[in-house]
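S.K.: Sending over a structure as structure tokens; questions will come in a sec.
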Amino acid sequence: MSEARENGLIVLSLDGETDIRIGVLSALYSLRDLMVQVAEGHPELTSGQPSAEPMGSPPEALPSKCFDLIVGSGDGGWVAIMLGRMGMSTSQVIDTYCQIRTSVHDSDFNIDTLSDQQKAAKSAVFEQSLRLLVAANTGRAEEQLRIGNPLCYVAALAMRAENDAPHPVLFRNYEARKSNSPNCSIWFAIRAVASSKSFPPACTTSMSHRFCFLAASQHNFSNPVDEAITEALELAKKLKITGSPPLACLVSLGAGHPGIKPLDDPIDGNVAARLTRNPEKAHEEAQKRIEKQHDLKGTEYFRLNVDQGLQENLLNDIKLEKVLSHTEAYLNTFTVTSKVSRIVEHIVGSIAKRTANSQTNALPTEDPASEFDLMHIYANRLYLLGYGLPLWEPRRMIF
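The sequence shown runs -4 to 394 under the numbering used here.
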């Protein structure tokens, strides 16, 4: 998206999942519904390639053309990179995500029974699948995550495995003002942010130091909305956005309500840590921050999160159908339909303002003050004074 514009940023935040629960697909189905509505009357926002959408499905706007910044955690970070950095459509991401996840994980396997050798084998399959994915979409398997002037800015969360640092590492496709962002290939960034218990940590060596990463969604950061707000405000400074508020609209897509977990859940031995893992708590804190923080005054915040049916979903065809049906039922409720309409209005309005600004800033071809016509004016005035020959413009002679 263009860096020079007055209107505030439109930001998408994507929740992550731990292990093989696939609530992230619910977020993608919700996003696809949004993109179909945005595409109505705006064909310029689609890929323009019929192969990017399933046969017979309505056109979808590309998220990379609709959002200025996409932030994700866990599998939501993987999705953010596919949408924002690789420019894929939501339908393409849904198909790709399911294909790769099912190729790595059997629907009925038990993480706790995997040996280290089995984990390493699954990790190798996952990494090879990611290299093929990147090569198919960019032309190079080792394509770098970071680029000079991205169409859409992306930040995906991971955690350092070497220490207990409380803050996540952000894998960005751009140079940030305050950066702890590793510069790596796209496939490694996905491998790092989407790590699960069935994989060893994603490790790399940089400047003689070895760094290993784990999924942030497994370490109290399954909902990255607070990081999305902070990143958006920093990005607004980088882009010198003059509009108020700098963050115009924030859309947070959840991976389904987690339900109530027993206190003896083996994920974590710390009860307090388990309680803070609830993504709805992060949602409530984000609401309070937007209400109280001065530079967020006027920011519109929307949270879409399916509230029933996703607590136990695993990767198999029957469950995938249930994810879709539960998501559609949720999106068809009156309250959610109203939210979706407001989000679409924000996206379309932002695009309209950006288009108007670009037209205003463009040099008019018929204006006598343009460089071409100024040449004719000066040449013809010299002719009247007895110097040289007149310069004829095809439509008129300009004096």
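Beta carbons are placed, not taken as given, at the ideal position from N, Cα and C, and that holds for glycine. Computed from a prediction, not measured in an experiment: that's the story for all the values here.
In this structure, what does DSSP give as the bridge partners for residue 152?
M.R.: DSSP output for residue 152 lists 68, 165 as bridge partner(s).
S.K.: If you reduce the DSSP assignment to three classes, tell me which class residue 1 lands in.
M.R.: DSSP places residue 1 in coil when its eight states are reduced to three.
S.K.: Using 10 angstroms around the beta-carbon of residue 87, count the other beta-carbons present and answer buried if the total reaches 16, otherwise exposed.
M.R.: Buried, because 16 or more other Cβ atoms sit within 10 Å of the Cβ of residue 87.
S.K.: Would you decide whether residue 142 is buried or exposed? Buried here means 16 or more other CB atoms lie within 10 Å of its CB.
M.R.: Under this definition residue 142 is an exposed residue.
S.K.: Please state whether DSSP places residue 246 in a helix, a strand or coil.
M.R.: If DSSP states are grouped into helix, strand and coil, residue 246 belongs with the strands.
S.K.: Pull up the distance between the alpha-carbon of residue 208 and that of residue 342, whole angstroms please.
M.R.: Cα-Cα distance, rounded: 34 angstroms.
S.K.: Pull up the CB-CB distance for residue 152 and residue 219, whole angstroms please, since I reckon it's below 8 angstroms.
M.R.: 5 angstroms between Cβ atoms; contact.
S.K.: Taking residue 299 as part of the beta strand (DSSP E), name the residues at either end of that continuous run.
M.R.: Unbroken beta strand (DSSP E) run through residue 299: 295 to 299.
S.K.: Do the segment 107 to 121 and the segment 51 to 65 touch if we need at least three Cβ pairs shorter than 8 angstroms?
M.R.: Short answer: they don't touch.
S.K.: Counting along the chain, where does the alpha helix (DSSP H) carrying residue 93 start and finish?
M.R.: First-last of the alpha helix (DSSP H) with residue 93: 85 to 99.
S.K.: Assign residue 287 to buried or exposed, taking buried as 16 or more other Cβ atoms, counted over all protein chains shown, within 10 Å of its Cβ.
M.R.: It counts as exposed.
S.K.: In this structure, does DSSP put residue 147 in helix, strand or coil?
M.R.: Three-state result, residue 147: coil.
S.K.: Under 8 angstroms, with one C-beta from each stretch per pair, do the segment 79 to 96 and the segment 24 to 38 reach the 3-pair mark?
M.R.: Contact holds: three or more Cβ-Cβ distances are below 8 angstroms.
S.K.: Give me, in chain order, the residues of the same chain whose beta-carbon lies closer than 8 angstroms to that of residue 274; leave out the 5 immediate sequence neighbours on both sides.
M.R.: Around residue 274: 10, 217, 218, 249, 250, 253, 300.
S.K.: To the nearest whole angstrom, what separates the beta carbons of residue 226 and residue 66, a pair I think is in contact under 8 angstroms?
M.R.: With a Cβ gap of about 6 angstroms, residue 226 and residue 66 count as contacting.
S.K.: Determine the direct distance from the alpha carbon of residue 333 to that of residue 190, and round the result to whole angstroms.
M.R.: If I take the Cα positions, the gap works out to 36 angstroms.
S.K.: Please report the distance separating the alpha-carbon of residue 126 from that of residue 231.
M.R.: Cα to Cα, residue 126 sits roughly 32 angstroms from residue 231.
S.K.: From the DSSP secondary-structure annotation, give me the bridge partner or partners of residue 207.
M.R.: Per DSSP, 198.
S.K.: Starting from the Cα of residue 346, find the closest Cα among 70, 34, 316 and give me that residue.
M.R.: Checked all of 70, 34, 316; the closest Cα to residue 346 is 34.
S.K.: Suppose contacts are defined by Cβ-Cβ distances below 8 angstroms. Is residue 318 in contact with residue 21 by that definition?
M.R.: Yes.
S.K.: Identify the continuous alpha helix (DSSP H) that holds residue 427 and give its terminal residues.
M.R.: Given that the chain is displayed from residue -4 to residue 394, the structure contains no residue 427 and the question cannot be resolved.
S.K.: What number of angstroms, rounded off, separates the C-alpha of residue 290 from the C-alpha of residue 72?
M.R.: Straight-line Cα distance between these residues: approximately 26 angstroms.
S.K.: Going by beta carbon distance, what residues of the same chain come within less than 8 angstroms of residue 316, once the five residues before and after it are set aside?
M.R.: There are no such residues.
S.K.: Use the C-beta contact count for residue 91: other C-beta atoms within 10 angstroms, 16 or more gives buried, fewer gives exposed.
M.R.: Buried, by the Cβ-count rule.
S.K.: Please report the Cβ distance between residue 163 and residue 122, rounded to the nearest whole angstrom; I am assuming they are in contact, meaning their Cβ atoms lie under 8 angstroms.
M.R.: In fact, because the Cβ distance is near 21 angstroms, the residues do not count as touching under 8 angstroms.
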